[in-house]
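This report refers to the structure that appears directly beneath it.
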Amino acid sequence: MGYTITEKILLAHAPGAKTMAPDDFIMAKVDFCFGNDITAPIAIREFKKLDKKTVFNQNRIGLIPDHFLPAKDMMSANQAAILRDFAKEHGITNYFEVGEMGIEHALLPERGLIMPGDLVIGADSHTCTHGALGAFATGVGSTDLAYAMAFGECWLKVPASIKMVFTGKTKKWVSGKDLILHAIGDLGVSGALHKSLEFTGDTIDTLSMDERFTMCNMAIEAGAKNGIIAPDKATERYIKAAVRKYKPPRKSYKLYKSDEDAVYEDVREYNISKLEPVVAAPHLPSNSKPVRELSNIKVDQVVIGSCTNGRISDLKQAATILRGKKADPDTRLIVIPATQAVYAEAVKEGYAEVFIKAGGVFCTPNCGPCLGGHMGVLAEGEVALATTNRNFVGRMGHPKSFVYLANPAIAAASAVKGKITHPSDL
Amino acid sequence: MKLKGKVFKFGDDVNTDEIIPARYLYTSHPEELAKHCMEDADPDFVKKTKKGDMIVAGENFGCGSSREHAPLAVKSAGISCVIAKSFARIFYRNAINIGLPIFTSPEAAEAFKQGDNIVVDVNKGEISKADQEKSYRSEAFPDFIREIVKDGGLISYANKKTASSKKKTVKRKTRAKKKEKK
Numbered sequence: 001m002g003y004t005i006t007e008k009i010l011l012a013h014a015p016g017a018k019t020m021a022p023d024d025f026i027m028a029k030v031d032f033c034f035g036n037d038i039t040a041p042i043a044i045r046e047f048k049k050l051d052k053k054t055v056f057n058q059n060r061i062g063l064i065p066d067h068f069l070p071a072k073d074m075m076s077a078n079q080a081a082i083l084r085d086f087a088k089e090h091g092i093t094n095y096f097e098v099g100e101m102g103i104e105h106a107l108l109p110e111r112g113l114i115m116p117g118d119l120v121i122g123a124d125s126h127t128c129t130h131g132a133l134g135a136f137a138t139g140v141g142s143t144d145l146a147y148a149m150a151f152g153e154c155w156l157k158v159p160a161s162i163k164m165v166f167t168g169k170t171k172k173w174v175s176g177k178d179l180i181l182h183a184i185g186d187l188g189v190s191g192a193l194h195k196s197l198e199f200t201g202d203t204i205d206t207l208s209m210d211e212r213f214t215m216c217n218m219a220i221e222a223g224a225k226n227g228i229i230a231p232d233k234a235t236e237r238y239i240k241a242a243v244r245k246y247k248p249p250r251k252s253y254k255l256y257k258s259d260e261d262a263v264y265e266d267v268r269e270y271n272i273s274k275l276e277p278v279v280a281a282p283h284l285p286s287n288s289k290p291v292r293e294l295s296n297i298k299v300d301q302v303v304i305g306s307c308t309n310g311r312i313s314d315l316k317q318a319a320t321i322l323r324g325k326k327a328d329p330d331t332r333l334i335v336i337p338a339t340q341a342v343y344a345e346a347v348k349e350g351y352a353e354v355f356i357k358a359g360g361v362f363c364t365p366n367c368g369p370c371l372g373g374h375m376g377v378l379a380e381g382e383v384a385l386a387t388t389n390r391n392f393v394g395r396m397g398h399p400k401s402f403v404y405l406a407n408p409a410i411a412a413a414s415a416v417k418g419k420i421t422h423p424s425d426l
Numbered sequence: 001m002k003l004k005g006k007v008f009k010f011g012d013d014v015n016t017d018e019i020i021p022a023r024y025l026y027t028s029h030p031e032e033l034a035k036h037c038m039e040d041a042d043p044d045f046v047k048k049t050k051k052g053d054m055i056v057a058g059e060n061f062g063c064g065s066s067r068e069h070a071p072l073a074v075k076s077a078g079i080s081c082v083i084a085k086s087f088a089r090i091f092y093r094n095a096i097n098i099g100l101p102i103f104t105s106p107e108a109a110e111a112f113k114q115g116d117n118i119v120v121d122v123n124k125g126e127i128s129k130a131d132q133e134k135s136y137r138s139e140a141f142p143d144f145i146r147e148i149v150k151d152g153g154l155i156s157y158a159n160k161k162t163a164s165s166k167k168k169t170v171k172r173k174t175r176a177k178k179k180e181k182k
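Chains A and B are the protein sequences, given in the same order. Final position of the first sequence in the working numbering is 426; the numbers increase by one with none missing. Final position of the second sequence in the working numbering is 182; the numbers increase by one with none missing.
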């Protein structure tokens, strides 16, 4: 009986295990672990309670202060200091100070720090993003991170896999974000609870790496343990470019794919050739609707950015729509590139100027408004449309505010009209 | 060990943004987090609850973010345990790792109502109304998790492992020295 790609990676990281099956418990060897300025302070506090006083590997730990930095207040500055001091004390090489810092799930792949075939844990729920590289990547808690930093291990329960097959050519303006919102709308926010979501099919084969990151990023929103896309030539090109540019300590990788006779708990097929761009309405990421069903909903704020859609192709798509146009005077437009490299490229390509001329702001990389942190928190009664990943009650600010989730093209078009807009209707 | 308390009932998909909103994540101090426990699900939650009370919820409790602040807030607010039809996976592992008792029981979660007084036998995983015979069994923890829970959380589990491997090293070195002397 064959294995899925997820099972193969877990088996390869479970010393002593000869077989792998869903619901098995393993103490897995970790290739890379990381946390941010919200989650790492607790991890560091718990680490200090351990009798083991040293980290397992200085090159395989990431500390990325991306949530509330540059420091939004004194408390956040204190939390950042905890990461900085710990990194210095233990010689952790992948500590990213403000200036190098970017959103962790965009920054780490960009720097070539995560490889196909890796087992990656991160103290952030969107760690599943890195499954786009053909790695097993899952979000865990701060205490898990403390344990991993010390021992290079993490306890895991093997998930059953759901095969998500996407076929057909996407319509104009439909991208990875629409595919995943459509899937979450089908599964529900707990439809993939504890499962591995394996994205496959001819549509997936044509997706850019940025779109693959977008899709795997939101696997958690269906309750999944991980999202994963088998690596191919596009993945290898991406990795090789990152390694050439940033020369990370690890250069080798392993390409896994599911066996023909792998066993899946469920197989879902989506022919997306007629799929219209999708918007998830408040207050669940699964509350998905075709964008035209929500036309004419007035929008106070548009956010383009986040670990979901803050990469260069996302900004390019938004700039394509906004070029020569202005945002509605009653709609705030906030654009946040995910990393300094994306920021610099957006400036070089002229996208930054497009956003500024449109009456928007172009901000330093950070998670900011996605979780109601800073750089665009909502007041009572306000409505935002964002390229982010969650729209629970109070997610972006006041408990009585509203968040719609969409792709960068819808976000840009909606900024121009001041209401939710299909890009073709601009 | 038996836990006794009043039920505070919630529905499906209670998420971590409701359990501890991001506006409070500038701190990781349990006492501070406790003050804002469940604030966006019920702004008066901490005023209404007493130490030992319990959260009973539907499917997918704790979905959303990985923030360990969520089970920390629940534990520090004095909530003795959470009973739910199902738990989101990161909340589930966080609760185990920090020693917050959680029980998966769709029947119990369905049966108990707001204000019920209930008793939980932690070792047996049995949950019942204070004045009634009928008890519900919660899903048993797998052996691996039972060990972490028994040790009081992942850090204690880790320190026990370190201590026992140190003992083995000392025994090995002592044996080696004795052999050398011979």
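The beta-carbon is built from N, C-alpha and C at its ideal position, and this holds for glycine as well. All of these numbers come straight from a predicted model, not from anything done at the bench.
Just grab the DSSP bridge partners of residue i for me.
i: Phe392 (chain A); result: Bridge partners of Phe392 (chain A): none, in fact.
i: Pro290 (chain A); result: A:Val278
i: Asn57 (chain A); result: DSSP lists no partner for Asn57 (chain A).
i: Phe136 (chain A); result: A:Leu119
i: Thr167 (chain A); result: A:Asn271
i: Met27 (chain A); result: A:Trp155
i: Asp121 (chain B); result: B:Lys2 and B:Glu126
What is the residue span of the alpha helix (DSSP H) that residue i lies within?
i: Lys168 (chain B); result: Leu154 to Lys181
i: Asp183 (chain B); result: This structure cannot settle anything about residue 183 (chain B), because the visible part of chain B is limited to 1 through 182.
i: Phe91 (chain B); result: Arg89 to Ile98
i: Ile336 (chain A); result: Counting along the chain, Ile336 (chain A) falls outside any alpha helix (DSSP H), though it belongs to the beta strand (DSSP E) covering Arg332 to Ile336.
i: Val98 (chain A); result: It is not in any alpha helix (DSSP H) - Val98 (chain A) carries neither H nor E in the DSSP assignment.
i: Lys177 (chain A); result: Gly176 to Leu187
i: Leu108 (chain A); result: Glu104 to Glu110
i: Thr301 (chain A); result: At residue 301 (chain A) the sequence reads Gln, which differs from the Thr that was named. First-last for Gln301 (chain A): Gln301 to Gly305, but that is the beta strand (DSSP E), not the alpha helix (DSSP H).
i: Ser76 (chain A); result: Met74 to His90
Would residue i be called buried (16 or more neighbouring beta carbons within 10 Å of its own) or exposed?
i: Arg175 (chain B); result: exposed
i: Ser105 (chain B); result: buried
i: Val361 (chain A); result: exposed
i: His194 (chain A); result: buried
i: Arg244 (chain A); result: exposed
i: His105 (chain A); result: buried
i: His130 (chain A); result: buried
i: Met115 (chain A); result: buried
i: Asn123 (chain B); result: exposed
i: Ser165 (chain B); result: exposed
Report all residues from its chain with a CB closer than 8 Å to the CB of residue i; omit the five preceding and five following residues, and keep chain order.
i: Ala41 (chain B); result: Phe10, Val14, Glu18 and Ile19
i: Tyr404 (chain A); result: Val279, Ala280, Ala281, Pro282, Leu294, Ile297, Val299, Val383, Ala384, Leu385, Ala386, Asn391 and Ile420
i: Gly153 (chain B); result: Ile96, Asn97, Ile98 and Gly99
i: Ile148 (chain B); result: Ile96, Asn97, Leu154 and Tyr157
i: Asp186 (chain A); result: Arg268 and Tyr270
i: Leu11 (chain A); result: Tyr3, Ala17, Thr19 and Met20
Give me, in chain order, the residues of the same chain whose beta-carbon lies closer than 6 Å to that of residue i; leave out the 5 immediate sequence neighbours on both sides.
i: Leu284 (chain A); result: Val189
i: Tyr246 (chain A); result: Arg111 and Gly112
i: Gly58 (chain B); result: Gly11, Asp12 and Lys85
i: Val174 (chain A); result: Leu275 and Pro277
i: Pro408 (chain A); result: Ile304, Asn309, Asp314, Gln317, Ala318 and Thr387
i: Pro399 (chain A); result: Val393
i: Leu333 (chain A); result: Val302, Ala327, Gly360 and Ala415
i: Gly78 (chain B); result: Lys51
Residues in the same chain with beta-carbon distance under 7 Å from residue i, minus the five sequence neighbours each way, listed in chain order, please.
i: Val267 (chain A); result: Lys163 and Val165
i: Glu100 (chain A); result: Gln340
i: Asp261 (chain A); result: Met1 and Gly2
Rounded to the nearest angstrom, what separates residue i and residue j at their Cα positions?
i: Ala358 (chain A); j: Leu315 (chain A); result: 14 Å
i: Asp55 (chain B); j: Gln317 (chain A); result: A small fix is needed here, since residue 55 (chain B) is Ile in this sequence, not Asp. Approximately 45 Å between the Cα atoms of the pair.
i: Phe8 (chain B); j: Phe103 (chain B); result: 15 Å
i: Pro21 (chain B); j: Gly394 (chain A); result: 7 Å
i: Thr49 (chain B); j: Met38 (chain B); result: 11 Å
i: Ala71 (chain A); j: Met149 (chain A); result: 25 Å
i: Ala77 (chain A); j: Pro65 (chain A); result: 10 Å
i: Lys233 (chain A); j: Ile410 (chain A); result: 30 Å
i: Phe112 (chain B); j: Lys134 (chain B); result: 12 Å
i: Lys168 (chain B); j: Ala346 (chain A); result: 57 Å
If you follow the beta strand (DSSP E) that residue i is in, where does it begin and where does it stop?
i: Ile114 (chain A); result: Run containing Ile114 (chain A): none; DSSP gives neither H nor E here.
i: Leu385 (chain A); result: Val383 to Ala386
i: Cys81 (chain B); result: Cys81 to Ala84
i: Gly227 (chain A); result: Asn226 to Ile228
i: Thr104 (chain B); result: Ile102 to Thr104
i: Ser266 (chain A); result: Per the sequence shown, residue 266 (chain A) should be read as Asp rather than Ser. First-last of the beta strand (DSSP E) with Asp266 (chain A): Asp266 to Asn271.
i: Gln197 (chain B); result: Missing from the structure shown is residue 197 (chain B); chain B here goes from 1 to 182 and no further.
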